[in-house]
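Notes follow the structure.
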Amino acid sequence: MSAVGVAIVGAGFGGIGVGIALKKKGIEDFVIFEGEPGVGGSWRTNTYPGCACDVPSHLYSYSFEPNPRWTESFSSQKDIQRYIEHCADRYDIRRHIRFNTRVTDARFDEEQGVWKVSTDDGEVTTARIFVPATGALSHPLYPEIEGRDSFLGAAIHTARWDDTVDLTGKRVGVLGSGASAIQVVPAIAPKVGQLTVFQRTASWVLPKHNRKFTSTQQARWKRLPFAQQAVRLALYWTMESALPALMWYPRMLRVGELLHKRNLERAIRDPELRRKLTPTYKVGCKRTLVSDDWFPAFARDNVTLVTDGVERITKNGIVTKDGKEHALDVLIYATGYQIGAPAYPFQVHGLGDRELRAYWGTRSKAYYGMSVAGFPNMFLIMGPNTGPGHTSVLIYQEAQYAYVANFADRLLNGSETYFDVKEDVMNAQWDKFQRRMAGSSWLSGCSSWYLNPDGSNSTMWPGFSFEYVLQMKDLHLEAYRAVTLPARSSRSSVQSNSGPVFADSLQK
Ligand SMILES: Cc1cc2nc3c(=O)[nH]c(=O)nc-3n(C[C@H](O)[C@H](O)[C@H](O)COP(=O)(O)OP(=O)(O)OC[C@H]3O[C@@H](n4cnc5c(N)ncnc54)[C@H](O)[C@@H]3O)c2cc1C
Numbered sequence: 018m019s020a021v022g023v024a025i026v027g028a029g030f031g032g033i034g035v036g037i038a039l040k041k042k043g044i045e046d047f048v049i050f051e052g053e054p055g056v057g058g059s060w061r062t063n064t065y066p067g068c069a070c071d072v073p074s075h076l077y078s079y080s081f082e083p084n085p086r087w088t089e090s091f092s093s094q095k096d097i098q099r100y101i102e103h104c105a106d107r108y109d110i111r112r113h114i115r116f117n118t119r120v121t122d123a124r125f126d127e128e129q130g131v132w133k134v135s136t137d138d139g140e141v142t143t144a145r146i147f148v149p150a151t152g153a154l155s156h157p158l159y160p161e162i163e164g165r166d167s168f169l170g171a172a173i174h175t176a177r178w179d180d181t182v183d184l185t186g187k188r189v190g191v192l193g194s195g196a197s198a199i200q201v202v203p204a205i206a207p208k209v210g211q212l213t214v215f216q217r218t219a220s221w222v223l224p225k226h227n228r229k230f231t232s233t234q235q236a237r238w239k240r241l242p243f244a245q246q247a248v249r250l251a252l253y254w255t256m257e258s259a260l261p262a263l264m265w266y267p268r269m270l271r272v273g274e275l276l277h278k279r280n281l282e283r284a285i286r287d288p289e290l291r292r293k294l295t296p297t298y299k300v301g302c303k304r305t306l307v308s309d310d311w312f313p314a315f316a317r318d319n320v321t322l323v324t325d326g327v328e329r330i331t332k333n334g335i336v337t338k339d340g341k342e343h344a345l346d347v348l349i350y351a352t353g354y355q356i357g358a359p360a361y362p363f364q365v366h367g368l369g370d371r372e373l374r375a376y377w378g379t380r381s382k383a384y385y386g387m388s389v390a391g392f393p394n395m396f397l398i399m400g401p402n403t404g405p406g407h408t409s410v411l412i413y414q415e416a417q418y419a420y421v422a423n424f425a426d427r428l429l430n431g432s433e434t435y436f437d438v439k440e441d442v443m444n445a446q447w448d449k450f451q452r453r454m455a456g457s458s459w460l461s462g463c464s465s466w467y468l469n470p471d472g473s474n475s476t477m478w479p480g481f482s483f484e485y486v487l488q489m490k491d492l493h494l495e496a497y498r499a500v501t502l503p504a505r506s507s508r509s510s511v512q513s514n515s516g517p518v519f520a521d522s523l524q525k
């Protein structure tokens, strides 16, 4: 059994960011378990054509590591992946990562006050602090449609793209019209023979105005980093200014409706097609999307929109509710990800054998999205209610990296064995969040993945992102129960916070 100060799960932006923050505090005694063979997380696994960010590049990066090499104003998956690789190298994170190692179980040992983290290579690692950074969008969701396994052609989920399937000239069906569909459809339309998009609900789609950066711009940002920081700051405040409309004044979102309609009218002449591509729910209730090429894709002769509802999948294709069979060679599931508690990738047992998924049920809660009562010294990255409706998730994540690093510093150098957030404090905060969101666009009546089955919201942060950042600056020690166990000898091997402790012993 090996021992470390901090065990992190996941080497996406989250896990790497926590690693960097720990290093900045002088803490080298940490391991990152990553199930995949490389860094990058969702940006490594989502390789479908057209995959890109819908937050501007200058804002979708770590604030401390601006990237003058961005090639366009909204980065492609490839550029973002290159950036994460660069960060992992620049901050010497790779030697802390155990690739191809999946965490299967984590248990808090109450007697020793440590986490025992089991991995699929049969090893158990003890850690004072446990940080799941497993991502909110990593587990593909397949729709419950009769006959799903009977299809004889190639079936691909956008989150697990298969490059070996040649789409050239094929009859391709895309299930879905959300964030990944609006990217994959325009990207493959020129290549395929016939493309049929099966839409259940239309999305609000605003213009993206993506543009390529010139080499002169890139050279300027390299030479004058403050110029790039100024662009970032301007983007940050522009996006932040959208929050009041989402949270308190949904009527202001009418502007979004007008932008959608103008975008649509420019691309599509047929009024019936325009009607089908216009949502009936209020803007902002589900994720609002951005694209310059989604509507123009439907002006192509080889692209058809079907809104009749999917009845079942057959060996030849899809039968819609009007009884028509649409013959397909390839079926693409652009149906998103499993969200929230049911998607949590392994069992986590805390005090009194409390199990995280069972404890949460369908309403996940965590104090500031990070600490769950009964799970001491565990800090979630992008846990409940830390999803942004209007800006980059990395703004929230950076505040979380610092919070973990400050707690790690305290725990590894202080006398307390563990901190457990008080249940009443956590619950009171969650209730407050629900009250704050009561009039928001997210609760304006549509069914969306933002919401729990009972209509409550465990996804969104109900406020400005700067509120979150400011509130997370200090440790909220008063919100936690501090416990100091008498016998510390068993943990003595994990007290140190200096030196590349496990580099030889743990790295594969
Ligand atoms: C297609 C797509 C587009 C997106 N666009 C945007 C956007 O425009 N703006 C935005 O703000 N956000 C966007 N996101 C959200 C994006 O996921 C986050 O911004 C960010 O990448 C999350 O990083 P993360 O490290 O928290 O999680 P992830 O990137 O999901 O990384 C989690 C890592 O944990 C690993 N892992 C999971 N379980 C285990 C286990 N049991 N053992 C070991 N390792 C495990 C996974 O392999 C993965 O590498 C997008 C996501 C996707 C999928």
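Numbered according to the numbering used here, the sequence shown spans residues 18 to 525.
Just so you know, even glycine gets a beta-carbon here, dropped at the ideal spot from N, CA and C.
Since this is a predicted model, take the numbers as computed values, not measurements.
Separation of residue j from residue i, as counted between CA atoms
i	j	result
K341	P160	20 Å
L368	V222	46 Å
E282	L294	11 Å
Y350	Y266	35 Å
I162	G27	31 Å
V327	V300	25 Å
C70	T379	29 Å
I114	T408	29 Å
G456	D448	14 Å
R304	E89	23 Å
I335	D325	11 Å
E440	Y376	12 Å
M526	Q355	Outside the displayed span of the chain (18 to 525) sits residue 526, for which this structure offers no information.
L158	A383	24 Å
A105	A150	15 Å
M387	P470	22 Å
T501	A445	26 Å
Y179	A422	A small correction: the amino acid at residue 179 is Asp; Tyr does not occupy that position in the sequence shown. Those two C-alpha atoms are separated by around 38 Å.
P503	L411	39 Å
Y253	Y413	13 Å
V48	D426	16 Å
D46	P85	31 Å
P517	I44	Unreliable positioning characterises P517 in this predicted model, as indicated by a pLDDT of 29, which lies under 50. A coordinate reading is not provided.
R217	D309	21 Å
A206	N402	36 Å
G195	G431	48 Å
N280	P313	9 Å
Closer than 7 Å: residue i CB and nearest ligand 1 heavy atom
i	result
R380	no
I13	The shown model of the chain, from 18 to 525, leaves out residue 13, and the question about it has no answer.
Y77	yes
V72	yes
R531	In the structure displayed, the chain extends from 18 to 525; residue 531 sits before or after that span and is not available.
A150	yes
E51	yes
W238	no
P157	no
S220	no
N402	no
V23	no
S409	yes
S526	Look at the range of the chain in this structure, 18 to 525, and you will see that residue 526 is not part of it.
N227	no
N430	no
L154	yes
F147	no
V528	Because residue 528 is not part of the residues shown, which for the chain are 18 to 525, the question remains open.
Per DSSP, the bridge partner or partners of residue i
i	result
H174	Y350
P149	V26
Q211	R188
N474	L468
V48	A24
Y77	Partner(s): none; Y77 has no beta bridge.
Y485	For Y485, which the question treats as bridged, DSSP gives no partner whatsoever.
R304	DSSP output for R304 lists no bridge partner at all.
L39	Answer by DSSP bridge pairing: none, since L39 is not bridged.
Ligand 3 heavy atom lying under 7 Å from the CB of residue i
i	result
L306	In the structure shown, ligand 3 is absent; the only ligands present are ligand 1.
Q.
I'd like the ranges of any beta strand (DSSP E) spanning at least 3 consecutive residues and lying wholly in the region 412 to 445.
A. DSSP assignment within the region 412 to 445 yields the following whole beta strand (DSSP E) runs of 3 residues or more, N-terminal first: 435 to 438.
Q: Give, in chain order, every unbroken run of the beta strand (DSSP E) that is at least 3 residues long and sits entirely within the region 330 to 402.
A: List check, beta strand (DSSP E) in window: 334 to 337, 342 to 344, 347 to 350 and 364 to 366.
Q. Unbroken beta strand (DSSP E) runs of length 3 or more, entirely within the region 117 to 143: which are they?
A. Runs of the beta strand (DSSP E) inside the region 117 to 143: 120 to 126 and 131 to 136.
Q) Residue ranges of each alpha helix (DSSP H) run of no fewer than 4 residues wholly in the region 246 to 298, ordered along the chain? A) With a minimum length of 4 residues, the continuous alpha helix (DSSP H) runs that stay inside the region 246 to 298 are 260 to 264, 271 to 284 and 288 to 293.
Q: Would you mind listing the alpha helix (DSSP H) stretches within the region 57 to 115 that are 4+ residues and don't spill past its ends, in chain order?
A: Runs of the alpha helix (DSSP H) inside the region 57 to 115: 59 to 62 and 94 to 107.
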